[in-house]
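A.B. asks:
2 protein chains.
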Amino acid sequence: MSREPRREQLLNAADRVIQREGPSASMNAIAAEAGITKPILYRHFGDRNGLIGALTERHTSGLLAAVRAALAEPLERRDRVEHVLDTYLAGIEARPQVYRLLTHPEPGDPSGAGNALAPALRQIAEEITHAVQSQVDLGADRDLLAEAWGRGITGMVLAAGDWWLETRPCSRTRMVQALADLLWGRLAAAADLPTAVLPAAPAEPPSAEAT
Amino acid sequence: MSREPRREQLLNAADRVIQREGPSASMNAIAAEAGITKPILYRHFGDRNGLIGALTERHTSGLLAAVRAALAEPLERRDRVEHVLDTYLAGIEARPQVYRLLTHPEPGDPSGAGNALAPALRQIAEEITHAVQSQVDLGADRDLLAEAWGRGITGMVLAAGDWWLETRPCSRTRMVQALADLLWGRLAAAADLPTAVLPAAPAEPPSAEAT
DNA sequence: ACCGGGGTGTTACCCGGGGTAACATCGTGG
DNA sequence: CCACGATGTTACCCCGGGTAACACCCCGGT
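Chains as they are written, first to last, in numbering that gives the first Met the number 0: chain A, 0 to 210; chain B, 0 to 210.
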């Protein structure tokens, strides 16, 4: 049995463990699940990041391709955005544990950059950036805006999607609407509430010792 | 010297180390910086999360208060949003290392939830949620929308801010504009680019082994 | 039949980080 | 003077990532 198929088997095992124990599963546990011992894992993947990376690759390719496809769909812009949002949410909904893996930036990253976006998500951000750049007329600022928006939208969907996954406050469709509405400037368009002009704001600024 | 002042000293030391070495600084390193040894740290803070938590508290209180204040500012809505964005960006700009600390969710979190938003950021998200809920007329969906948007906006600013901090592609003011524009539906309002209807899209779907 | 190489696998170890137990020390109030 | 409670110490445990050194097994070449 040459390298490649073996690699697949090991990845399958790792996959099962992480599905079961979450992304913090130890190399020992993974090796055990595969019925072998650590050094073999290291032979195949170099280090933990290698393994996680390979695993991530696997699962992202699908989601990433799906998002990319959704971004290229020939739809009205709003529909396209909704389509992308729905694609992403459907993806993370299908495999929550794996999704957590994707989003966890490598913890022991000693290099200066503690990027908020894991590599997998950075790819999505780049997809979005590129799509915006090539599809939307933003004038002189296009490059800056597209890049900032790519990151921003990705982070927005990450955080909101995470919350949605955990609390399931509504259907996927509704969630898609909520996010699309935000992107569509509904925050700007909505009317003010008749705020009673700060009805004697209760002064209580610094009360540390909060839980 | 009673407990409290000592605690402060220790926190100061921890602060310096993290400022210098990033959030992954070891307890040993922190103890050394304080001129003492580990057990004392543990006496004061219980465990690492306790220390980090206390440190976080310290630094967040300022930023959180600032954001809260910005949210309550009696301005036109767009100006208020810009004000909040600028407050946040200014905050993370001032102390990057500490900011990284805030955003790093505890790595060894064995509980199922690997929340994308660190506790400090969750507080900000709640602030935003509350502000939207009490200031903007969103009809029947207000609760859902406010909550989803709170998370979403926080995540957006986190990701975009992170990128901005690392690459410094533009001035803070411009960045604020870019994000406010996104929130203001400029994505929706902009015209389509005259896309040449997919000029022979280069087919090359699954090409793994990417770096 | 013999050998060598590239795959498989193993045990046993190193290192470093979080966390703790047990002991020494100092200072202050009864 | 002593006891108590704080400060501090050394030395240790445990566990997880990562590696060294060695054993096996099969297959192809001479």
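Just so it is clear, CB atoms sit at the ideal spot from N, CA and C, and this is done for glycine as well.
Between residue 192 (chain B) and residue 134 (chain A), is the Cβ-Cβ spacing less than 7 Å?
C.D. replies: In contact: residue 192 (chain B) and residue 134 (chain A) (Cβ atoms closer than 7 Å).
A.B. asks: Hey, residue 70 (chain A) and residue 175 (chain A): beta-carbon distance below 7 Å or not?
C.D. replies: Their beta carbons are not under 7 Å apart, which means residue 70 (chain A) does not touch residue 175 (chain A) by this criterion.
A.B. asks: Decide if the segment 45-58 of chain A is in contact with the segment 134-153 of chain A; the criterion is three or more beta carbon pairs, one per stretch, under 8 Å apart.
C.D. replies: No contact exists between the segment 45-58 of chain A and the segment 134-153 of chain A.
A.B. asks: Rank A:77, A:157, A:41 by C-alpha distance to the C-alpha of residue 90 (chain A) and give the top, closest one.
C.D. replies: Checking every option, the nearest Cα to that of residue 90 (chain A) belongs to A:157.
A.B. asks: Are there three or more Cβ pairs, one per stretch, closer than 8 Å when the segment 121-134 of chain A is compared with the segment 163-171 of chain B?
C.D. replies: No: the two stretches stay apart, fewer than three of their Cβ pairs being nearer than 8 Å.
A.B. asks: Within the 7 Å Cβ cut-off, does residue 175 (chain B) reach chain A?
C.D. replies: No, no contact with chain A.
A.B. asks: Who are the Cβ neighbours of residue 82 (chain B) in its own chain at under 7 Å, not counting the five residues just before and after it?
C.D. replies: The answer, listed in chain order, is 69, 72, 74.
A.B. asks: Does the distance from the CB of residue 102 (chain B) to the CB of residue 117 (chain B) come in under 7 Å?
C.D. replies: A contact, by the Cβ cut-off of 7 Å.
A.B. asks: Indicate whether at least one CB of chain A lies closer than 7 Å to the CB of residue 102 (chain B).
C.D. replies: With 7 Å as the cut-off, residue 102 (chain B) counts as an interface residue toward chain A.
A.B. asks: Could you pull out every residue in the same chain whose Cβ sits closer than 6 Å to the Cβ of residue 107 (chain A), ignoring the five residues on either side in sequence?
C.D. replies: Bear in mind that a pLDDT of 49 at residue 107 (chain A), under 50, signals an unreliable position, so the model cannot answer this.
A.B. asks: Whole angstroms is fine: what's the gap from residue 187 (chain B)'s alpha carbon to residue 76 (chain A)'s?
C.D. replies: Distance between the alpha carbons of residue 187 (chain B) and residue 76 (chain A) is about 8 Å.
A.B. asks: Which residue's Cα is closest to the Cα of residue 121 (chain A): A:142, A:177, A:27, A:63?
C.D. replies: Looking at the Cα atoms, A:63 is the closest of the given residues.
A.B. asks: Mind listing the chain B neighbours of residue 153 (chain A)? Cutoff is C-beta to C-beta under 7 Å, in chain order.
C.D. replies: Within chain B, the residues near residue 153 (chain A) are 158.
A.B. asks: Going straight from the alpha carbon of residue 182 (chain A) to that of residue 24 (chain A), what length do you get?
C.D. replies: If you take the alpha carbons of residue 182 (chain A) and residue 24 (chain A), they lie about 37 Å apart.
A.B. asks: What are the boundary residues of the alpha helix (DSSP H) that residue 115 (chain A) is part of?
C.D. replies: Unbroken run through residue 115 (chain A): none, as it is neither H nor E.
A.B. asks: What's the C-alpha gap between residue 11 (chain B) and residue 99 (chain B)?
C.D. replies: Whole-angstrom Cα-Cα distance: 17 Å.
A.B. asks: If you scan the segment 91-175 of chain B from start to end, which runs of the alpha helix (DSSP H) of 4 or more residues do you find wholly inside it?
C.D. replies: Fully enclosed alpha helix (DSSP H) runs of 4 or longer: 95-102, 118-134, 141-166.
A.B. asks: Nearest-angstrom Cα distance between residue 190 (chain A) and residue 178 (chain B)?
C.D. replies: Distance between the alpha carbons of residue 190 (chain A) and residue 178 (chain B) is about 21 Å.
A.B. asks: Does residue 89 (chain B) come out as helix, strand or coil in the three-state DSSP assignment?
C.D. replies: Helix.
A.B. asks: Measure the Cβ-Cβ separation of residue 147 (chain A) and residue 131 (chain A) and say whether it is below 7 Å.
C.D. replies: Result no, Cβ atoms of residue 147 (chain A) and residue 131 (chain A) do not sit closer than 7 Å.
A.B. asks: What distance in whole Å lies between the Cβ atoms of residue 37 (chain B) and residue 27 (chain B), which are believed to be in contact at a cut-off of 8 Å?
C.D. replies: About 6 Å; that satisfies the 8 Å criterion.
A.B. asks: Mind listing the chain A neighbours of residue 77 (chain B)? Cutoff is C-beta to C-beta under 8 Å, in chain order.
C.D. replies: Result: 187.
A.B. asks: I'd like to know whether the C-beta of residue 115 (chain B) is nearer than 7 Å to at least one C-beta of chain A.
C.D. replies: Judged by the 7 Å Cβ criterion, residue 115 (chain B) is in contact with chain A.
A.B. asks: If you measure beta-carbon to beta-carbon, which residues of the segment 38-51 of chain B are closer than 9 Å to chain A?
C.D. replies: The residues in question: there are none.
A.B. asks: Determine the contact status of residue 184 (chain A) and residue 184 (chain B), defining contact as a CB-CB distance below 7 Å.
C.D. replies: Cβ atoms of residue 184 (chain A) and residue 184 (chain B): closer than 7 Å.
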